[in-house]
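Residue numbers (my numbering), protein chains in the order written: chain A, 4 to 87; chain B, 5 to 224. Every residue gets a Cβ at the ideal spot worked out from N, C-alpha and C, and that includes glycine.
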């Protein structure tokens, strides 16, 4: 594992390709522990094959973005909801 | 320094993504914090050359005046400070983590803001202190801005400042007390940010008032 944790803020550029709003201030509810945090405060891993956002309280995976060629797959399965 | 046609303007603390494309189509992308104030004419990013950094070594070694770069941004709304905020400001930087904080300091100065502001800046040696002269100038302006340097590896002769890593005792001695309800911004390598943010929480600062920007392993 040489992938070190950074802040959700680090995903802002990639998220700007998907969402029309600035996403680091969006509130995300963890699908596991229920904690609600601004996306920028959660933890991000950007050097994996994809980009992963994890809950800063329980480490649950909230969001995954994987790019394969022209295709970008976004999974929000780990988030209960996102407030924009 | 970059001329940015159609640049929408940025906020202090935001970053840009720089993308390089090789002739064979290989792409590499890195994020760099913006160093200039929103009030400045040109966009400045500060890039530290890393030994194995495929993007930083190009930007520092190969890039020439007049070359074009592919940029995405400005990005981020989380690690942002505006000069109309009134809380005392605590900025804590490890090495090149000072870059987005410098944008805030320059913004504060350009906007004529006078909120009491302290920068705790940890560097390895005096020669490594980024923006050293500009920081000294701004700190002597008498508008409520102070710099506390920490030199962890090598100190000039007669150095009386801090030499240890930033800890709770140091933040308690020279930072703002939690009761002053300061806004805190911490930027640097991941372990540095972890240590400082934990120490601030230990001292009673509310987690939402502490904004962090971790670098990860390297900027690359």
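- Look at residue 82/B: its C-beta is under 8 Å from a C-beta on chain A.
- Shown here, residue 38/A sits in coil according to DSSP, grouped into three states, outside any helix or strand.
- Around residue 71/A, no beta-carbon contact reaches into chain B at under 7 Å, the shortest distance being about 14 Å.
- For residue 149/B, the enclosing beta strand (DSSP E) covers residues 149-155.
- In this structure, the beta-carbon distance from residue 115/B to residue 87/B falls below 8 Å.
- Judged by their CB atoms, residue 7/A and residue 156/B are not nearer to each other than the 8 Å cut-off.
- Membership of residue 111/B in any beta strand (DSSP E) is not indicated; the residue belongs instead to the alpha helix (DSSP H) covering 102-114.
- Around the beta carbon of residue 180/B, a 10 Å sphere encloses 16 or more other beta carbons of the protein chains shown; the residue is thus reported as buried.
- With contacts defined as CB atoms closer than 8 Å, residue 77/B and residue 19/B qualify as a contacting pair.
- With 16 or more other Cβ atoms from the protein chains shown falling within 10 Å of its own Cβ, residue 101/B counts as buried.
- Counting only Cβ-Cβ distances below 7 Å, residue 35/B has contacts in chain A at 13, 16, in chain order.
- Its chain contains 125, 165 as the residues whose beta carbon lies nearer than 6 Å to that of residue 153/B, once the 5 sequence neighbours on both sides are disregarded; these appear in chain order.
- In the structure shown, residue 189/B falls within a strand segment according to DSSP collapsed to helix, strand and coil.
- Look at residue 83/A here: in three-state DSSP terms it is strand.
- If you look at residue 54/B, you'll find it isn't in any alpha helix (DSSP H); DSSP assigns it neither H nor E.
- Beta-carbon to beta-carbon, residue 32/A and residue 39/A are separated by about 5 Å, close enough to satisfy the 8 Å threshold.
- For the region 51-85 of chain B, the set of residues with a beta-carbon nearer than 8 Å to any beta-carbon of chain A comprises 76, 77, 79, 80, 81, 82, 83, in chain order.
- Interface annotation, residue 118/B: not in contact with chain A, CB-CB separation never under 8 Å.
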